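Heads up: the sequence lines are chains A and B, in that order.
With the first letter of the first sequence counted as 1, position 62 gets the number 62 in the numbering used here; the numbers rise by one all the way through.
To convert, count from 1 in the second sequence and add 145; that's the numbering used here.
Only one structure is covered here, and it is reproduced in the block below.
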Amino acid sequence: MPRVFVSSVIDAPAAKVWERVRDFNGLPRWHPRIRESRIENGEPADKVGCVRDFNLQNGDRIRERLLGLSDYDLFCTYSILESPMPLTGYVATLRLTPITDGDRTFAEWTAEFDCEEAMADDLVAGIGTNVFQAGFDALKRHFAR
Amino acid sequence: MVKIVKSTVMEAPVEAVWEVLRDFNGHDKWHPAVAESHVERGLPSDKIGCVRRFLLADGSELREQLLTLSDIDMAFTYCLLDTPIPLLNYVAHVRLIPVTDGDMTFWHWESRFDTPPGREAELEKQVGEKIYEGGFEAVRAYMGLAPRS
Chain A
1 MPRVFVSSVI DAPAAKVWER VRDFNGLPRW HPRIRESRIE NGEPADKVGC
51 VRDFNLQNGD RIRERLLGLS DYDLFCTYSI LESPMPLTGY VATLRLTPIT
101 DGDRTFAEWT AEFDCEEAMA DDLVAGIGTN VFQAGFDALK RHFAR
Chain B
146 MVKIVKSTVM EAPVEAVWEV LRDFNGHDKW HPAVAESHVE RGLPSDKIGC
196 VRRFLLADGS ELREQLLTLS DIDMAFTYCL LDTPIPLLNY VAHVRLIPVT
246 DGDMTFWHWE SRFDTPPGRE AELEKQVGEK IYEGGFEAVR AYMGLAPRS
């Protein structure tokens, strides 16, 4: 099963970074690749089980379900319901951990999924670079101090 | 129950930091509080259940037992058996995670313990600053990394 793992250090307290990323409907506010997002059926964005329906800047549409959200452990887990990518069983987690030395944040973004073997390397690289690292780069720019 | 969490980022690849930390009998090489270390009964230091005996810099001794060691998770867990400072039911976890953005290492060190009544804050400070934060700096120096400014 292909696995994506990207991690980074963000120069801001974990509570501040969490405030920016915890909104399951908030990707367009912090992730440069996401244009617009809505939560289906008018549910609150922190209701576990809710579904976000969003568009990338290139027009691609993705629907994802919130599987877990913790304000205590600072993580968010979700699965893909629909996307243009040739994969199934996609589950990802974005997790923040405080770095006590310097009051910074260790951010990890992981995903696992199934796909045709020949597609695996490209999918892992594409998700890791364009989604996860691009998101961390945007957070690093936002919190540069 | 006192809970301590200290963490830092080492400017070195995770494999290099793990090579230093995984030797349960090697902490005397880098930690200033530890003068000598040996594993009892000649056991290998990566055998789960082995007991290390530290001679501390102040001449006292302590014994700690390896409870978990994982090369895949780059983590280990240990408990205190005998100690000159009153840390009771002490269990500590050390874990390394790669920082892929920059080829660095996130080092997380946490523990829980009980103390005699009224000594919580003093012992929390001693363990957190002298042992954990002191350990971060000592490994930096041992590995030839720049001190954290």
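Every residue gets a Cβ at the ideal spot worked out from N, C-alpha and C, and that includes glycine.
Everything numeric in this text was worked out from a predicted model, so none of it was measured.
Query raised in the report: Taking the beta strand (DSSP E) that M155(B) falls in, what are its first and last residues?
Result: Per DSSP, M155(B) belongs to the beta strand (DSSP E) from V147 to M155.
Query - Interface partners of S152(B) on chain A, CB under 8 angstroms - result: Result: T97, P98, I99, T100, D101 and F106.
Query raised in the report: Would you call the CB atoms of A237(B) and W252(B) closer than 8 angstroms?
Result: The answer is no: Cβ separation not under 8 angstroms.
Query raised in the report: So does the region 38 to 45 of chain A actually touch the region 125 to 139 of chain A, counting three or more Cβ pairs closer than 8 angstroms?
Result: Counting C-beta pairs closer than 8 angstroms gives fewer than three between the region 38 to 45 of chain A and the region 125 to 139 of chain A, which falls short of the contact rule.
Query raised in the report: Cα separation between G59(A) and P2(A)?
Result: Those two C-alpha atoms are separated by around 26 angstroms.
Report task. Under 8 angstroms Cβ to Cβ from E282(B), same chain only, skipping five residues before and after it: list those, please. Result -> Its chain contains P292 and R293 as the residues whose beta carbon lies nearer than 8 angstroms to that of E282(B), once the 5 sequence neighbours on both sides are disregarded; these appear in chain order.
Requested in this report: For R61(A), I'd like the list of residues in its chain whose CB is within less than 6 angstroms of its CB, leaving aside the five on either flank, ordered along the chain.
Outcome: For R61(A), where only same-chain residues beyond five positions count, the Cβ hits under 6 angstroms are N55.
Query raised in the report: Rounded to whole angstroms, how far is the Cβ of F113(A) from the Cβ of G89(A), which I believe are closer than 8 angstroms?
Result: That pair is a contact at about 5 angstroms.
Query raised in the report: Which residues in chain B sit within 9 angstroms of V6(A), going by Cβ to Cβ distance?
Result: Within chain B, T245 and D246 have C-beta atoms less than 9 angstroms from the C-beta of V6(A), given in sequence order.
Report task. Taking H253(B) as part of the beta strand (DSSP E), name the residues at either end of that continuous run. Result -> First-last of the beta strand (DSSP E) with H253(B): M249 to D259.
Query raised in the report: Can you round the beta-carbon distance between S152(B) and D101(A) to whole angstroms, since I take them to be within the 8 angstroms contact cut?
Result: For a cut-off of 8 angstroms, the C-beta gap from S152(B) to D101(A) is around 6 angstroms, short enough to register as a contact.
Report task. Compare the beta carbon distance of G26(A) and V48(A) with 8 angstroms and say whether it is the shorter of the two. Result -> No. Outside cutoff.
Query - CB contact below 8 angstroms: V91(A) versus chain B - result: False, the Cβ-Cβ gap to chain B never drops below 8 angstroms.
Report task. Starting from N55(A), follow its DSSP beta bridges and name the residues at the other end. Result -> Bridge pairing for N55(A): E36(A) and R61(A) [DSSP].
Requested in this report: Evaluate P98(A) with the Cβ neighbour count: other Cβ atoms within 10 Å of its Cβ, from every protein chain shown; 16 or more gives buried, anything less gives exposed.
Outcome: Buried is the call here.
Query - Range of the contiguous beta strand (DSSP E) that encloses E112(A) - result: Segment R104 to D114, the beta strand (DSSP E) holding E112(A).
Query raised in the report: What is the C-beta distance between T222(B) and L212(B), in whole angstroms, given that I count them as a contact (C-beta under 8 angstroms)?
Result: Contact holds; Cβ gap of about 4 angstroms.
**Report entry** CB of Q133(A) within 8 angstroms of CB of D248(B), strictly
**Finding:** For Q133(A) and D248(B), no; Cβs fall outside 8 angstroms.
Requested in this report: Give a yes or no on whether the C-beta atoms belonging to V162(B) and L214(B) are separated by under 8 angstroms.
Outcome: The Cβ atoms of V162(B) and L214(B) lie no closer than 8 angstroms to each other.
Query - For A178(B) and L290(B), believed in contact at Cβ under 8 angstroms, the rounded distance - result: About 20 angstroms; that fails the 8 angstroms criterion.
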